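S.K.: Heads up: take any position in the sequence shown, counting from 1, add 955, and you land on the working numbering.
Got a structure for you, written out below as structure tokens; questions coming shortly.
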Amino acid sequence: MRILLLLSMILALAACGNRNPARNATTNVELPFETKLDRGEDPRDIAVRVEHEGNGLEEVRESVRFEATKYCLLNFGGSDTDWDIDPATDDWAFTQDGDELIFTARCTVR
């Protein structure tokens, strides 16, 4: 009986391992553009690069937003992102490097 109890406790403890399936978060929907996220000196500061292939901001926004949301959620526990805003357009600010648009933001937690 003690062996059965000990075996049950070992199996229950093994099931409590530090597995986090969200660490490999993916989307079920194919996003239109590949992105690359770079962390700043402060890990909350991020830059998301996307090759826009001549497409406008609206076309690339969802790919950029997904990458930032995933990063902020997995690393800081919240999905809120404070995007740098261009005062002329009152929209997300970005810089252009060749065919890439680079959006900058900061992960925020409520």
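Ideal Cβ placement from N, Cα and C applies to all residues, glycine included.
Being a predicted model, the structure only gives us computed values, none of them experimental.
Report, in whole angstroms, the separation of the C-beta atoms of Cys1027 and Ser1034, which I expect to be a contact under 8 Å.
M.R.: What you label residue 1027 is simply residue 72 of the sequence shown in a count that begins at 1. What you label residue 1034 is simply residue 79 of the sequence shown in a count that begins at 1. The Cβ separation is near 6 Å, so the contact holds.
S.K.: Could you check the C-alpha separation between Asp1046 and Leu1012 for me, to the nearest Å?
M.R.: Translated into the one-based positions of the sequence shown, residue 1046 becomes position 91. Translated into the one-based positions of the sequence shown, residue 1012 becomes position 57. The alpha-carbon atoms of Asp1046 and Leu1012 are separated by roughly 9 Å.
S.K.: Only counting runs of 4 or more residues, tell me where the alpha helix (DSSP H) segments fall wholly within the segment 988–1031, in order along the chain.
M.R.: Within the segment 988–1031, the complete alpha helix (DSSP H) runs of at least 4 residues are 1012–1031.
S.K.: Per DSSP, what are the beta-bridge partners of Asp1052 in this structure?
M.R.: Along the sequence shown, read from residue 1 onward, the residue named residue 1052 stands at position 97. Partner(s): Glu1055.
S.K.: Using a 10 Å radius around the Cβ and a threshold of 16 neighbouring Cβ atoms, would you call Ala1060 buried or exposed?
M.R.: Position 105 of the sequence shown, counting from 1, holds the residue named residue 1060. Flag for Ala1060 reads buried.
S.K.: Evaluate Val1015 with the Cβ neighbour count: other Cβ atoms within 10 Å of its Cβ, from every protein chain shown; 16 or more gives buried, anything less gives exposed.
M.R.: Position 60 of the sequence shown, counted from the start, is the residue given in the question as residue 1015. Per the 10 Å Cβ criterion, buried.
S.K.: May I ask you to list the residues that DSSP assigns as paired with Ile1040?
M.R.: Looking up residue 1040 in the sequence shown gives position 85. Its beta-bridge partners are Trp1047.
S.K.: Drop a sphere of 10 angstroms on the beta-carbon of Ile1001, count the other beta-carbons inside from all chains shown, and report buried for 16 or more, exposed for fewer.
M.R.: Walking along the sequence shown from the start, residue 1001 turns up at place 46. It counts as buried.
S.K.: Please determine, among Cys1062, Gly995, Lys991, the residue with the shortest C-alpha to C-alpha distance to Gly1032.
M.R.: What you label residue 1032 is simply residue 77 of the sequence shown in a count that begins at 1. Answer by Cα proximity: Cys1062.
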